[in-house]
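Chemist: One structure, as structure tokens, below. Some questions next.
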Amino acid sequence: MTSSKIELPAEVKADAAALLGSLHLAPSPLPNLEIKHTKIFINNEWQNSVSGKAFPVYNPSNGEMICEVQEADKADVDKAVQAARLAFSLGSVWRRMDASDRGRLLSKLAGLVERDRTYLATLESLDSGKPFLQTFFLDLEGTIKTLRYFAGWADKVHGLTIPMDGDYFSFTRNEPIGVCGQIIPWNFPLMMTAWKLAPALCCGNTVVLKPAEQTPLSCLYMGALIKEAGFPPGVVNIVPGFGPTAGAAIACHMGIDKVAFTGSTEIGKLIQEAAGRSNLKRVTLELGGKNPNIIFADADCKLDVAVEQAHQGVFFNNGQCCTAGSRIYVEEPIYEEFVRRSVERAKRRVVGNPFDPTTEQGPQISLEQQNRVLEFIQSGMREGAKLECGGKAFGLKGFYVEPTVFSNVCDDMHFAKEEIFGPVQQIMKFKTIEEVIERANNSDYGLTAGVFTNDINRAMTLSAALQAGTVWINCFNALSSQSPFGGFKMSGNGRELGEYSLREYSEVKTITVKVMEKNS
Amino acid sequence: MHVSENRQRTMSNESRDGQQRENKLSTRPLDTEMPMPVSDLKIEYTKIFMNNEWHDSCCGRRIPVYNPATGELLCEVEEGDKEDIDKAVKCARQAFQLGSPWRRMDASERGRLLCKLADLVERDRQILATLEAIDSGKLFLVAYFVDLVGTIKTLRYYGGWADKIQGKTIPVDGEYFTFTRHEPIGVCGQIIPWNFPLLMFAWKIAPALCCGNTVIIKPAEQTPLTALHMASLIKEAGFPPGVVNIVPGYGPTAGHAIAQHMDIDKVAFTGSTDVGKIIKKAAGNSNLKRVTLELGGKNPNIVFADSDLEHAVEQAHHGLFFNQGQCCLAGSRVFVEEPIYDDFVLKSVERAKKRVLGNPLVPGVDQGPQIDKKHFDKILELIESGRREGAKLECGGGAWGQKGFFIQPTVFSDVTDDMRIAKEEIFGPVQQIMKFSSIEEVIRRANNTHYGLAAGVFTNDINKALTISAALQAGTVWVNCYNAMSSQCPFGGFKMSGNGREMGEYGLQEYTEIKTVTIKIPQKNS
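In the order they appear, the protein sequences are chains V and X. For the first sequence, the working numbering gives the first residue as 1, with consecutive numbering after it. For the second sequence, the working numbering gives the first residue as 1001, with consecutive numbering after it.
This is how it looks when you write it as structure tokens:
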């Protein structure tokens, strides 16, 4: 999920001839996909739910049911925790394993994902409505790279020896926390599985992971690959289910040592509360965003780049990204031109079947989400923003929304403050740097921000002033396994990816030994 | 690595690690069958490797390469000299140009190339182990289980570091923003020894490539064959031309040309302290290239009376005799506490006598030949000096067999610190056992040497263990173990045992230049 990889399909698609020329090279989805795994994965075995219940999984591009998946609830989470706890007990195979062997297992898992890349991309596309090619190039690439990145860290998680006062020798051990509950969203089902599993396993934890009820399929397939790679039983357990039941059971569980959640701010608050109420489990949260993307007039010479990046920054993944640059602040002199080009670009956006290689935008994940996005659009119109294009549902079936652009948006409008999570771009106007800093920061969120300028002073000033966990300069969505990612303020707690994420999956133990006589 | 440990696992029938091995999930398939050397090995690569191509030497000379177990000629290898080094430097410089594929490559991709190389080494493990055994006299099974595992793990370890070499942003005073970039140094000359030809090759190239440098590496003239096989794997893995260049040759010619080259930015050398001094001098004489040295050792191994005697005897035995005694980290000064001295000597002699010498390719053999005639003669001469100076020869002491450069496992007791065998690095199967009475005394005596590479301590007393580990002047201290090396741990010498560290995160420092970038900003905020 590097920026260059993100830009590639877009650039190809911007040029029809290049697109046609590249089609024969492009990977194709697997025809007649067989869904292989629909059960709960505990102790490297497939199990039915304790309650006997199953839930339907739909294809969001046509609303048809794909299959039913066993529905985990509290009793299943309990079983999974027991398995994870056993796998984590002192002297277990997993605890005694060389750190470099943990790394090898993660590398092997990456190799298996690479082997089954087409299958997984097809499955993900079918289940989530993501365009197949984007899934193949971005989600799968990001998944593989994340697994490899953390594979490399496994035997590099160093403690310290410390020059302690007195006649003592003091050192630290970075130990795994224990059983980690991980709850992931439906917008990047496979990649979020990797973001969560890789650092946890790298540090030696065991995991109980709940995929979103909308998109459990790629995650369950990963269960099979985890077993094939050779992870010992109980190290990874996957419990598909719903938030209020299985998710709540994880958050409240007295036998889970840490919970990591990616999703809405609203649910993030419930999770932190549940952790506080139960056993003070460690919490990391990666939540919503209403991310500013600030375009200065001096970016004029590269206006097309800014327009394209701002477009991809909000419309990528059908707008269903916590990183979406949904508040575009454009400096006054270029405002009209920026809006004009953005509308032009949005109108060219190809919406359609996720398996069509020309498709840039698939459906929203569900009817509920589609309705939510359309309501936000309505509220924008009611509050006086100017609808430049789009604004409606698209097509006869599936949960599609037209690429939508609003101009003349004011900061106090409802839809300029709330996370829409859909293909809706809001473009605001600003005059001074002080003003735009204040307005950009005037949000409960603080996940990401973008700045487009060729002026080094503005770039440096903005990158210090913005309250956001990630600031992109002259790029957007440039994520990579090496760089930490997470939110200021109500966009989250803690960081994922990069070296920083290792802290979220280890406990530091200080060991102090009395010595006879200290020497430097 | 974990040299002695792996050795016990694989070489000994009554392996103490058997239980541990069973419990431990290995990501490698369990070796249900004993690996065998390749029977009809053909030596494919004998030329100079530059720009991913094979070249004849400029001077037209060749180096004869012998099998030390038989003294027979194995093949001839193209001999690199100054001119060839110049050509190799040009290739390496070109590959290091700004904008080159190697400079523009994602760090994670450099890591992938190293991991791919590790996979190829794993694929060719049997070939490489056979080649190493016939070229160096190393036991095939040791080469297979120790050298090859170490090589693969080192490549993978640094494969993982490539995209984790992080600079810092720094809270500088004033209205500035400061960050550091860890940049590769440039063209690195690397000169490696004959005792672990393949493993040293990996120790040298892995951190250098991980950090983005380009390399000219000179294998020892005695043992160029595995390095040249690696050349073919480097090309196959997909490293761009010029990133790794391999120039077999002699020290005074090719090695010297590297050390004093004006366009080599860094030289790394593993070998004797004598030659290390020449290299450092040449670096100073020429372009002040960065220097790392991993040199000799005369390493103390201290056994207290409270330790587990059987374990200490076994570890001390392997600590010295491993690899025919040809290890810079050989524990060649064994200091044993008075109350157990006689018992320790008795058991050590018993153990040494059990050592089986013979063909390195045959299972059941514990010890192969020394590397060559010159070295063989030097060891016998040092044994003679020990006798003359009054040490008690407990066993061994002479040559072994009709052909090849074998030396009997030799144990001396009643050794005093002023004897030559107690001061000079013998680099052969000769164990010196000394007696000590107090901890203060043994610390003083252990440190009374120009060397400072490694040290061992055997005791069950935590206070002794920690006191000694702080007091010893050595880059590595092992407590209740010996030769426990791994890619994750830094390795290198205090004093005249070397400069700098290899392996571990510390190894990265030796292959990077740090650049401080400071930007004036309008207004600082925390």
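Just so you know, even glycine gets a beta-carbon here, dropped at the ideal spot from N, CA and C.
1) Between which residues of its own chain and X:Glu1022 is the CB-CB distance below 8 Å, once the five residues before and five after are set aside?
2) Kindly indicate which three-state DSSP category V:Ser506 falls into: helix, strand or coil?
3) Just curious, the beta strand (DSSP E) that V:Arg115 is in, first and last residue?
4) Taking Cβ-Cβ distances below 7 Å as the criterion, which residues of the region 1477 to 1505 of chain X are in contact with chain V?
5) Just the chain X side, please: which residues come within less than 8 Å of V:Lys53 by C-beta, in chain order?
6) Is X:Tyr1066 close to chain V? Criterion is C-beta to C-beta, closer than 8 Å.
7) Using a Cβ-Cβ cut-off of 7 Å (strictly less than) and excluding sequence neighbours within five positions of V:Lys514, which residues of its own chain qualify?
8) Name the chain X residues that come within less than 8 Å of V:Ile456, Cβ to Cβ?
9) Between which two residues does the beta strand (DSSP E) carrying X:Ala1454 extend?
10) Taking 8 Å as the CB-CB limit, is X:Asn1525 close to chain V?
11) Can you tell me the Cβ-Cβ gap for X:Val1334 and X:Gln1222, rounded? I've got them flagged as a contact below 8 Å.
12) May I ask you to verify whether the region 1377 to 1394 of chain X touches the region 1417 to 1425 of chain X, counting CB pairs closer than 8 Å and requiring at least 3?
13) I'd like to know whether the C-beta of X:Asn1463 is nearer than 8 Å to at least one C-beta of chain V.
14) Taking the straight line between their C-alpha atoms, what separation do you get for X:Ile1246 and X:Ala1231?
15) In angstroms, rounded to a whole number, what distance separates the CA positions of X:Lys1042 and V:Phe150?
16) What does V:Ala151 touch in chain X if you count any residue whose Cβ is under 7 Å from its own?
17) Check distances from the C-beta atoms of the region 283 to 303 of chain V to those of chain X and list, in chain order, the residues that come in under 9 Å.
18) If you measure between the beta carbons of X:Ile1468 and X:Gly1428, is that distance less than 8 Å?
19) Compare the C-beta of X:Lys1298 against all C-beta atoms of chain V and say whether one is closer than 8 Å.
20) Hey, would you say V:Lys290 sits closer than 8 Å to V:Asp257, going by beta carbons?
21) Check whether the Cβ atoms of V:Pro189 and V:Asp116 sit closer than 8 Å, and answer yes or no.
22) Give the DSSP bridge partners of V:Gly521, in chain order.
23) With a 10 Å radius around its C-beta and 16 neighbouring C-beta atoms as the bar for buried, classify X:His1229 as buried or exposed.
24) In this structure, how does DSSP classify V:Tyr168 when only helix, strand and coil are distinguished?
25) From V:Ala464 to X:Tyr1176, what distance separates their C-alpha atoms?
26) Under 8 Å, Cβ to Cβ, is there at least one residue of chain V near X:Pro1240?
27) Does the separation of the CB atoms of V:Gly446 and V:Phe406 fall below 8 Å?
28) On the DSSP letters alone, give me the boundaries of the alpha helix (DSSP H) that V:Gly276 sits inside.
29) Determine the contact status of V:Phe355 and V:Ser125, defining contact as a CB-CB distance below 8 Å.
30) Chain V beta carbons: is any one of them nearer than 8 Å to that of X:Gln1509?
31) So for X:Met1050, helix, strand or coil by DSSP?
32) By Cβ distance, which residues of its chain are closer than 7 Å to X:Ile1152, with the 5 residues on each side in sequence left out?
33) Whose CA, out of X:Val1349, X:Lys1138, X:Met1036 and X:Asn1299, lies closest to the CA of X:Gln1370?
34) Measuring only the C-alpha atoms, how far is V:Asn205 from V:Asp98?
35) How far does the beta strand (DSSP E) with V:Asn293 in it extend, from its first residue to its last?
36) From X:Leu1508, X:Ile1519 and X:Val1517, pick the residue whose C-alpha is nearest to that of X:Ala1268; which is it?
Modeler: Taking the geometry as given:
1) Its pLDDT being 38, under 50, X:Glu1022 is placed unreliably in this model, and the coordinates cannot settle the point.
2) Look at V:Ser506 here: in three-state DSSP terms it is strand.
3) Going by DSSP, V:Arg115 is part of no beta strand (DSSP E) but of the alpha helix (DSSP H) stretching over Ala99 to Arg115.
4) The region 1477 to 1505 of chain X vs chain V, Cβ under 7 Å: Gln1488 and Glu1505.
5) Those within 8 Å of V:Lys53 in chain X number zero; the least Cβ separation is about 35 Å.
6) Judged by the 8 Å Cβ criterion, X:Tyr1066 is not in contact with chain V.
7) Excluding residues within five positions, the ones whose Cβ falls inside 7 Å are Asp167 and Tyr168.
8) Scanning chain X for C-beta atoms nearer than 8 Å to the C-beta of V:Ile456 yields Ile1519, reported in chain order.
9) Counting along the chain, the unbroken beta strand (DSSP E) around X:Ala1454 starts and ends at Ala1454 to Phe1458.
10) Cβ-Cβ to chain V under 8 Å: yes for X:Asn1525.
11) Cβ-Cβ separation between X:Val1334 and X:Gln1222: approximately 28 Å, too far for a contact (criterion under 8 Å).
12) At 8 Å Cβ cutoff, the stretches touch.
13) Chain V, which has a Cβ nearer than 8 Å to the Cβ of X:Asn1463, makes this yes.
14) Separation of X:Ile1246 and X:Ala1231 (C-alpha to C-alpha, rounded to the nearest whole angstrom) is 7 Å.
15) Our two residues, X:Lys1042 and V:Phe150, have alpha carbons roughly 40 Å apart in a direct line.
16) Ordered by position in chain X, the residues that pass the 7 Å Cβ test against V:Ala151 are Gly1160.
17) Within the region 283 to 303 of chain V, no residue qualifies.
18) A distance of 8 Å or more separates the beta carbons of X:Ile1468 and X:Gly1428.
19) No - not a single Cβ of chain V is within 8 Å of the one on X:Lys1298.
20) Remark: C-beta atoms of V:Lys290 and V:Asp257 do not approach each other more closely than 8 Å.
21) No.
22) Because residue 521 of chain V is not part of the residues shown, which for chain V are 1 to 520, the question remains open.
23) Classification for X:His1229: buried.
24) Three-state result, V:Tyr168: strand.
25) If I take the Cα positions, the gap works out to 12 Å.
26) So, not an interface residue.
27) No, the Cβ-Cβ distance between V:Gly446 and V:Phe406 is not below 8 Å.
28) If you look at V:Gly276, you'll find it in the alpha helix (DSSP H) that goes Thr265 to Arg277.
29) Their beta carbons are under 8 Å apart, which means V:Phe355 touches V:Ser125 by this criterion.
30) So, not an interface residue.
31) In the displayed model, X:Met1050 falls within a strand according to three-state DSSP.
32) Once the five neighbours on either side are set aside, the close Cβ partners of X:Ile1152 are Ala1118, Val1121 and Glu1122.
33) Of the candidates X:Val1349, X:Lys1138, X:Met1036 and X:Asn1299, the one whose C-alpha sits nearest the C-alpha of X:Gln1370 is X:Lys1138.
34) Whole-angstrom Cα-Cα distance: 13 Å.
35) Run containing V:Asn293: Pro292 to Ile295, per the beta strand (DSSP E) assignment.
36) Closest in C-alpha terms to X:Ala1268, from the list X:Leu1508, X:Ile1519 and X:Val1517, comes X:Leu1508.
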